[in-house]
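*Asks:*
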């Protein structure tokens, strides 16, 4: 029988309840304390290829995995928590060599070397992990167990470093970018070498204390803790670096985050003293220019935490009802100027509309809730019409459990925005009807042609990545890359707005988790039928840059004044 934790003995009477959350097993989960009424939402039949799409949703995708040489296998050796082994891993996206195109790091598990796919132009990738010193995180030919790889400039020198979350004995790692195509293990003395959480699944980075450098927010599904005793949960790490020395300090307790994220499951359900967080996000949800926290969590634990502006956080009246949150996306889907929140959940996805002042409302009529066994998710304007769409992958393989068999061949979802707050699933019509065991995703313009492509990671042992190239005939869009002042050289937390006629699109530059994976900080704005617009950048320090006339097809690099 598969257990939720290989490092603790779980009473057999509680095991059947695991299916109310992320994992599967050999039993059913239809009743009992803590079980969600009705169980996970069964996936609807996929729409026919002739499904009516929103006006302008004229894009298709082509599987270019083999041509682009993004080919590898994935897996963990024996001994890892079998539940975690089914969803850990992930990919990081960013321009590690500052040559103008996006590169990708993939954590492969400990059964083989990691991959560092360096973009040779046009999304032709070459694996350079060995030359970069990243193939084996423990040195030699020994690879650690890792998840949630994340690119971020943590030392403020202008290039992207790499963070890897440790899993069950595998250490959390920091690799500093040397600026010459190679990385150096900088974990020792960074504070991260003291991290002891059993499972670090995903990470996000942002400057929550407004001191100019990037702090870390971690998710730790399956990690023991005792919420009745205040303590350090290693969720929030404050960047206390000095020139020439990177240093992170645990700040979950002093910030209030540890207690705010704690929740207690009913007695006997999976152990109340465990952390079940999955996808962390920093976002300014109330418009006061500091970064709040949106944390996606399994077992009714998703939370909204508001930054008090003094290094601490507070809870809010809004309680997410996604039940079993997995993946996450943050973006302004309704173009009203604030950041909304999409959460994938096996009990029905949730699209939370921001009503202002850290208040959200579930948009049940949006059309995005039937998502199957959802995992990685992203907001992106795939058809460049000026409205954010949603891509979500899904699936679950749960052995003998008959209720989970619905999800073995679960199809990915591609919800195209109608521009009125509702969406239609166009996965079949757009040739993205993937049925593999999807987990992490990255949504970025890898081939530099002005539209958003998708890199999908799966839990399949062979063929563990798919590269879906957007075939949009004419990407009427602009691309914006910001260069901030050191140490926040990628301007994480900046707001970019594009105004065309009476509509304003808003993007936040972020390093947030889609689920074990993240997009780059480069932003694309679709312009629909228009050719010109006005651009405004609100930098993390509040200063602004205005470009009154930007033109479709431009790729802008804007420096902080």
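Numbering (the numbering used here), first residue to last: 131 to 691.
Glycine is no exception: its CB is placed at the ideal position from the N, C-alpha and C atoms.
If you follow the alpha helix (DSSP H) that residue 389 is in, where does it begin and where does it stop?
*Replies:* That run of the alpha helix (DSSP H) goes 387-391.
*Asks:* Would you list the one or two residues that DSSP bridges to residue 233?
*Replies:* Beta-bridge pairing links residue 233 to 224.
*Asks:* Does the stretch 472-485 touch the stretch 499-518, meaning 3 or more C-beta pairs lie closer than 8 Å?
*Replies:* Contact holds: three or more Cβ-Cβ distances are below 8 Å.
*Asks:* Kindly confirm or deny that the stretch 622-631 and the stretch 654-668 touch, where touching means at least three C-beta pairs closer than 8 Å.
*Replies:* With the cut-off at 8 Å, the stretch 622-631 and the stretch 654-668 touch.
*Asks:* I believe residue 670 touches residue 337 by the beta-carbon criterion, under 8 Å. Please report the beta-carbon distance rounded to the nearest angstrom.
*Replies:* Confirmed, about 6 Å.
*Asks:* Please report how far the alpha carbon of residue 560 lies from the alpha carbon of residue 602, in whole angstroms.
*Replies:* Their backbone Cα atoms lie some 10 Å apart in a straight line.
*Asks:* Have a look at the DSSP bridge pairing and note the partners of residue 407.
*Replies:* 427.
*Asks:* Pair every Cβ in the stretch 202-222 with every Cβ in the stretch 567-577, then say whether three or more of these pairs are closer than 8 Å.
*Replies:* Yes, since at least three Cβ pairs between the stretch 202-222 and the stretch 567-577 fall closer than 8 Å, the two stretches touch.
*Asks:* Given a threshold of 16 other Cβ atoms within 10 Å of its Cβ, counted over all protein chains shown, does residue 304 qualify as buried or as exposed?
*Replies:* Classification of residue 304: buried, given that the 10 Å Cβ count is 16 or more.
*Asks:* Counting pairs of Cβ atoms below 8 Å between the stretch 443-454 and the stretch 619-627, do you hit three or more?
*Replies:* The stretch 443-454 is not in contact with the stretch 619-627.
*Asks:* Pairing CB atoms from the stretch 666-681 with CB atoms from the stretch 360-376, are three or more of them under 8 Å?
*Replies:* These segments do not touch.
*Asks:* Would you mind stating whether residue 198 and residue 254 have Cβ atoms separated by less than 8 Å?
*Replies:* Contact flag set, yes.
*Asks:* Take the Cβ of residue 301 as the centre, count every other Cβ of all protein chains shown within 10 Å, and call the residue buried at 16 or more, exposed below.
*Replies:* Buried, because 16 or more other Cβ atoms sit within 10 Å of the Cβ of residue 301.
*Asks:* What does a CB cutoff of less than 6 Å around residue 322 pick up in its chain, not counting 5 residues either side in sequence?
*Replies:* Closer than 6 Å at Cβ, skipping near neighbours: 302, 304 and 378.
*Asks:* Quick check on DSSP: helix, strand or coil for residue 671?
*Replies:* The answer is coil: DSSP assigns residue 671 none of H, G, I, E or B.
*Asks:* Among 242, 370 and 311, which has the Cα closest to the Cα of residue 320?
*Replies:* Ranking the options by Cα distance to residue 320, first place goes to 370.
*Asks:* If you follow the beta strand (DSSP E) that residue 595 is part of, which residue opens it and which one closes it?
*Replies:* It spans 595-600 - the beta strand (DSSP E) in which residue 595 sits, taken as one unbroken run.
*Asks:* Rounded to a whole number of angstroms, what is the C-alpha to C-alpha distance between residue 495 and residue 512?
*Replies:* In a straight line, the C-alpha of residue 495 is about 22 Å away from that of residue 512.
*Asks:* If you draw a straight line from the alpha carbon of residue 191 to that of residue 596, how long is it in whole angstroms?
*Replies:* Straight-line Cα distance between these residues: approximately 11 Å.
*Asks:* For residue 261, which three-state DSSP category applies?
*Replies:* The answer is helix: DSSP assigns residue 261 an H, G or I state.
*Asks:* Specify the secondary structure class of residue 144 as computed by DSSP and reduced to three states.
*Replies:* Residue confidence is low: residue 144 scores 29 on pLDDT, short of 50, so the model does not pin down where it sits. Its coordinate-derived value is still stated next. Note: residue 144 maps to helix in three-state DSSP.
*Asks:* Is it the case that the Cβ atoms of residue 328 and residue 347 are separated by a distance below 8 Å?
*Replies:* Cβ distance not < 8 Å, so residue 328 and residue 347 don't count as in contact.
*Asks:* Taking only three categories from DSSP, how would you classify residue 324?
*Replies:* Residue state, collapsed to three classes: helix.
*Asks:* Taking all protein chains shown into account, decide if residue 296 is buried (16 or more other Cβ within 10 angstroms of its Cβ) or exposed.
*Replies:* With 16 or more other Cβ atoms within 10 Å, it is buried.
*Asks:* Express the C-alpha separation of residue 487 and residue 546 in angstroms, rounding to a whole number.
*Replies:* Distance between the alpha carbons of residue 546 and residue 487 is about 28 Å.
*Asks:* Can you tell me where the beta strand (DSSP E) with residue 473 in it begins and where it stops?
*Replies:* Its beta strand (DSSP E) spans residues 470-475.
*Asks:* Is it the case that the Cβ atoms of residue 465 and residue 517 are separated by a distance below 8 Å?
*Replies:* Yes, these two residues count as a Cβ contact at 8 Å.
*Asks:* Taking the CB atoms as reference points, tell me whether residue 353 and residue 277 lie closer together than 8 Å.
*Replies:* No, these two residues do not count as a Cβ contact at 8 Å.
*Asks:* DSSP beta-bridge partners for residue 486?
*Replies:* Answer is 489.
*Asks:* Cα separation between residue 178 and residue 563?
*Replies:* Confidence at residue 178 is low in this model, with a pLDDT of 39, below 50, so the placement of that residue is unreliable and no value is reported for it.
*Asks:* Quick check on DSSP: helix, strand or coil for residue 214?
*Replies:* In the structure shown, residue 214 sits in a helix (DSSP, three-state: H, G or I).
*Asks:* Does the distance from the CB of residue 428 to the CB of residue 443 come in under 8 Å?
*Replies:* No; because the gap between Cβ atoms is not below 8 Å, this pair is not in contact.
*Asks:* With a cut-off of 8 Å on the beta carbons, I'd call residue 667 and residue 612 a contact; round off their distance for me.
*Replies:* Right, their Cβ atoms sit about 7 Å apart.
*Asks:* Pick out the complete alpha helix (DSSP H) segments inside the stretch 239-327, 4 residues or longer, and give them in chain order.
*Replies:* Entirely contained in the stretch 239-327, the alpha helix (DSSP H) runs reaching 4 residues are, in chain order, 259-262.
*Asks:* In chain order, what residues of the same chain have a beta carbon less than 6 Å from the beta carbon of residue 676, not counting five sequence neighbours either side?
*Replies:* Once the five neighbours on either side are set aside, the close Cβ partners of residue 676 are 666.
*Asks:* Determine, using beta carbons only, whether residue 266 comes closer than 8 Å to chain B.
*Replies:* Chain labels in this structure do not include chain B; a single protein chain is all it has.
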